[in-house]
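Worksheet for the structure shown next.
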Amino acid sequence: MMKNPIRRTLLAAALALPALCAPLNALAAPLVLGFSQVGAESEWRTANTASIKAAAKEAGITLKFADAQQKQENQVKAIRSYIAQKVDVIAFSPVVESGWDTVLKEAKAAGIPVILTDRAVKVSDPSLYASFIGSDFVEEGRKAGRWLLERAARTPAAALNIVELQGTVGSAPALDRKKGFEEVIKANPRLQIIRSQSGEFTRAKGKEVMEAFLKARDRKIDVLYAHNDDMAIGAIQAIEEAGLKPGVDIAIISIDGVRGAFEAMKAGKLNVTVECNPLLGPQLMQLARDVVAGKPVEKRITVNEGVYPAEVAAKELPNRKY
Ligand code: AHR
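Numbers -28 to -1, 1 to 294, taken from mature numbering (1 follows the signal peptide of the UniProt record, and there is no 0), label the letters of the sequence shown in order.
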């Protein structure tokens, strides 16, 4: 029998120590987020990656980051490796929409929540991901279409022939931006897409495909609709090399709102850019914390975005954050 009350208190404290330390340790251990990025194909993507890295640092979250170089198989590998490493939460920006069921089921079976950023997936079971944060790409396509409708209303030409540079084949932004644009322009039968091909969201491919469009020209090209600014900037080079004036001989509409687009608009070579905000990092970190803490989160979180025609480019350029 222990009679000494001081010894008894000390012993009780010693026995309680591990139990007390466990939650403290859990609080101290930083949350680990495994992130699989699409690649580094565009100015937009570079800004998105920088936002995610800076926000993780700021939030004290340990970020495991992998660049998939625009390949789905690399993203699947990265997600599997995050599962094996038992990270707290996985986030990724899916390069294409389909083909994710199996790996997402593996994450679910391992009890690791998944957040989609930027791009959506098509899965049989929506519970395979906790939340999706990113732009409304269909609406971006509609905004591009509305700008063209207004311009067409002020143009007497009998027909306005459009060429389209699509994003990565099978990706949500390529599918949705096409859909939204077509939905709006069908209101004016003078607007016809005469050629449409993927420029893979890169400047180099945008230039190459525009060169091919210009070479194959059997009808006048009046308008270029590019699914991102980088492809538009590549196409601008091709148009200039063909001896034409981008923004004048061919009206150019693109999406993203990166600094390069504002510079091109200021120079009179691009007519309008529809904003797609890449600065998703801070919201993603908060979402990751909430999901891991088991708090209820919105299944779909969208971003507020504007439309910037060339007329406002010089004024807006100094305010651009990416
Ligand atoms: O998913 C967003 C798109 O991907 C951006 O519009 C494009 O620039 C990027 O590469």
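Ideal Cβ positions, reconstructed from N, Cα and C, are used throughout, including at glycine.
Contact between isoleucine 222 and isoleucine 205 fails: their C-beta atoms lie close to 14 Å from each other, not under 8 Å. Boundaries for asparagine 133: no alpha helix (DSSP H) harbours it, while the beta strand (DSSP E) harbouring it runs 132 to 138, taken from the DSSP string. Distance between phenylalanine 173 and lysine 94, taken at the CA atoms: about 21 Å. Counting only the Cα atoms, asparagine 243 lies some 26 Å from threonine 274. A Cβ-Cβ contact shorter than 8 Å links glycine 152 with glutamate 111. Between the alpha carbons of valine 195 and serine 143 lies a distance of about 23 Å. Straight across, the Cα-Cα distance linking lysine 238 with methionine 203 is about 18 Å. A heavy atom of the ligand AHR is found nearer than 7 Å to the CB of aspartate 228. Here alanine 124 carries a helix assignment [DSSP, helix/strand/coil]. When secondary structure is reduced to three states using DSSP, leucine 256 falls in the helix class.
Inclusion of arginine 91 and asparagine 133 in the CB contact set at 8 Å is not warranted, their separation being larger than that value.
Fewer than three beta-carbon pairs drawn from the segment 277 to 284 and the segment 51 to 62 are found closer than 8 Å, and the two stretches are therefore not classed as touching.
For proline 98, the number of other beta carbons within 10 angstroms of its own is below 16, and it is reported as exposed.
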